[in-house]
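Protein sequences, first through last, are from chains Y and S.
If you're matching positions, the first sequence starts at 1 in my numbering and goes up one per residue.
If you're matching positions, the second sequence starts at 1001 in my numbering and goes up one per residue.
C-beta: ideal position from N, C-alpha, C; glycine also.
There are 2 protein chains.
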Amino acid sequence: MYSYEYPHPAVTVDCVVFGLDDGGLKVLLIQRDLEPFALSWALPGGSIKLDEDLGQSARRELAEETGVTDLYLEQLATFGKPGRDPRERVITVAYFAIVNLLEHKVSPDTGARSAAWFPVDDSPPLAFDHRLILDLALMRLQSKLRNQPLGFEFLPEKFTLTQVQRLYETILCEGLDKRNFRKKILTTGLLVPLDEVEIDVAHRAAQLYRFDKEAYVRLQAQGYAFEI
Amino acid sequence: MYSYEYPHPAVTVDCVVFGLDDGGLKVLLIQRDLEPFALSWALPGGSIKLDEDLGQSARRELAEETGVTDLYLEQLATFGKPGRDPRERVITVAYFAIVNLLEHKVSPDTGARSAAWFPVDDSPPLAFDHRLILDLALMRLQSKLRNQPLGFEFLPEKFTLTQVQRLYETILCEGLDKRNFRKKILTTGLLVPLDEVEIDVAHRAAQLYRFDKEAYVRLQAQGYAFEI
DNA sequence: CCAAAAGTGTTAGAGATACACCCATGG
DNA sequence: CCATGGGTGTATCTCTAACACTTTTGG
């Protein structure tokens, strides 16, 4: 008989979705309508289905609960401390996601539960061990930003260098020198200038760039390591 | 009623345990005695218990199957593709471990199943998706080695600079300049020279060092980032 | 005295940092 | 013409990379 004699825990996915707007770095939370932690805010997520891969479950739950569909997603870590859910043993596979708030203007209230963006440094108490998960995701975001060209996931396809710099400054919580930053980011060769400039601004219009993902993949295969 | 209506998958842990000896980088595998994949080699691991944290499960399984107890352990990633186990849906939380082969001379045959160390670049076909897990672990090892002082986990408490250099060369698969390597590793301030030298060698005895973990933790808290 | 590995400094080049002003545009 | 942000170059310094010989020890 080919089967596991051991008791099976519940398995869920939870997503830490980051976005960036003028107010800074935001995280997407949903308000729970059921016990335990009814009315508390929590990371979007839910039970996996048995015929779905883990990443698919994460995308499905996000779409159902928040309407967010187009995003960068990667696995963060798995949390399974006994007692983290008062009902039963629940293992949760946490995902880390980035969504482009500027372009898609995601309205998170399309789902069944109420969802909202909170500043990461001023978010409400969270259900379960979700604070722990959020903190880990934030550390991961800061660390990955430095050695992977991940930041562009926050931006629209066409962006200015100032937008990129502000992004880094906001997430890393540190000021950066404009000239040095531009030199560094341009010498990677990963940004290609477009034949377009910003529009509708009350000052000199900035050059627009796009991120050349193909070039990055190519360089990466040759051992290139992005660093900012 | 506070419970999950969703079907529960099986949850296991699997460990990629690395060790280093004169023959290079090794990985610890066990030979399966049951179907599926009977007689195939596989990563040590097994079902979690409902009252155990995930890391504890990993340590318990390792001790039971291979006798290995004293090791560095961290979570790697979770694999849950439907069909990865032909019996039923199984989510496995993979762990990444390093054991000091030189000092402990682990005899992996103490467990119930036969266990053995294989060169990572010459290991047998593996059961399930364990090849995928091993490959990820190897990439993680190489990448972490560069920006965390993780390599010392492979070595005895007292070691020579040449041992450290050989370790880096073996795992990163690249030659390193002796003088530059020594300069770099010593200027971190994380290695403290002991009042001892190597013994029983047929040539000039080398200075012994130990890794100052406390210093690392202290520096890390101040924003220091190890890099080699 | 020979074999084997330990140990040690300098120079040139690349990359990082610090720093301030003029330009273009819209209102 | 003014306010706003866009855009640019140089000098210094620090870190990295390349490189070869002498010393110690045991056999």
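Residues that DSSP places opposite residue i in a beta bridge
i	result
residue 193(Y)	209(Y)
residue 47(Y)	12(Y)
residue 28(Y)	117(Y)
residue 17(Y)	97(Y)
residue 1042(S)	1030(S)
Closest Cα partner of residue i within the set the options
i	options	result
residue 1045(S)	1186(S), 1074(S), 1061(S) and 1054(S)	1061(S)
residue 1139(S)	139(Y), 23(Y) and 223(Y)	223(Y)
residue 212(Y)	26(Y), 170(Y), 8(Y) and 193(Y)	193(Y)
residue 195(Y)	209(Y), 203(Y) and 189(Y)	209(Y)
residue 187(Y)	124(Y), 31(Y), 228(Y) and 90(Y)	228(Y)
residue 1034(S)	1048(S), 1114(S) and 1067(S)	1114(S)
residue 48(Y)	1090(S), 1043(S) and 1021(S)	1090(S)
residue 50(Y)	1170(S), 1085(S) and 1031(S)	1085(S)
residue 1076(S)	1134(S), 1119(S), 1124(S) and 1219(S)	1134(S)
residue 1128(S)	1219(S), 1057(S), 1017(S) and 1041(S)	1041(S)
residue 1059(S)	1157(S), 1022(S) and 1099(S)	1099(S)
residue 36(Y)	88(Y), 141(Y) and 116(Y)	88(Y)
residue 1018(S)	1137(S), 1092(S), 1125(S) and 1126(S)	1137(S)
residue 1153(S)	1025(S), 1009(S) and 1008(S)	1025(S)
residue 1219(S)	1182(S), 1203(S), 1189(S) and 1141(S)	1189(S)
residue 67(Y)	158(Y), 124(Y), 101(Y) and 7(Y)	101(Y)
residue 1065(S)	1170(S), 1023(S) and 1116(S)	1116(S)
residue 146(Y)	79(Y), 225(Y), 22(Y) and 203(Y)	225(Y)
residue 1252(S)	1082(S), 1078(S), 1201(S) and 1055(S)	The question about residue 1252(S) has no answer, for chain S in this structure spans 1001 to 1228.
residue 184(Y)	161(Y), 97(Y) and 204(Y)	161(Y)
residue 1198(S)	1163(S), 1078(S) and 1143(S)	1163(S)
residue 57(Y)	32(Y), 69(Y), 13(Y) and 158(Y)	13(Y)
residue 1095(S)	1120(S), 1043(S), 1177(S) and 1083(S)	1043(S)
residue 1130(S)	1020(S), 1081(S) and 1206(S)	1081(S)
residue 216(Y)	150(Y), 207(Y), 169(Y) and 174(Y)	150(Y)
residue 191(Y)	159(Y), 177(Y), 168(Y) and 174(Y)	159(Y)
residue 121(Y)	7(Y), 27(Y) and 221(Y)	27(Y)
residue 167(Y)	22(Y), 103(Y) and 6(Y)	22(Y)
residue 79(Y)	1069(S), 1083(S) and 1092(S)	1092(S)
N-terminal and C-terminal residue of the beta strand (DSSP E) that residue i is part of
i	result
residue 74(Y)	72 to 79
residue 1006(S)	It is not in any beta strand (DSSP E) - residue 1006(S) carries neither H nor E in the DSSP assignment.
residue 1092(S)	1090 to 1098
Closer than 9 Å at the beta carbon, the chain Y residues around residue i
i	result
residue 1075(S)	77 and 78
residue 1054(S)	78, 79, 80, 81 and 91
Interface partners of residue i on chain S, CB under 7 Å
i	result
residue 51(Y)	1082
Contacts that residue i makes with chain S (C-beta to C-beta distance below 9 Å)
i	result
residue 30(Y)	Within chain S, no residue comes near residue 30(Y); the closest Cβ sits about 17 Å away, beyond 9 Å.
Cross-chain neighbours of residue i in chain Y, by beta carbon under 7 Å
i	result
residue 1089(S)	50
First through last residue of the alpha helix (DSSP H) which encompasses residue i
i	result
residue 1060(S)	1054 to 1066
Return the chain-ordered ranges of every beta strand (DSSP E) run that is complete within the region 105 to 150 of chain Y and spans a minimum of 3 residues. Counting only runs of 3 or more, we get 115 to 119.
Could you tell me which uninterrupted beta strand (DSSP E) segments, each at least 3 residues in length, are contained entirely in the region 1155 to 1203 of chain S, listed from first to last along the chain? Runs found: 1191 to 1197.
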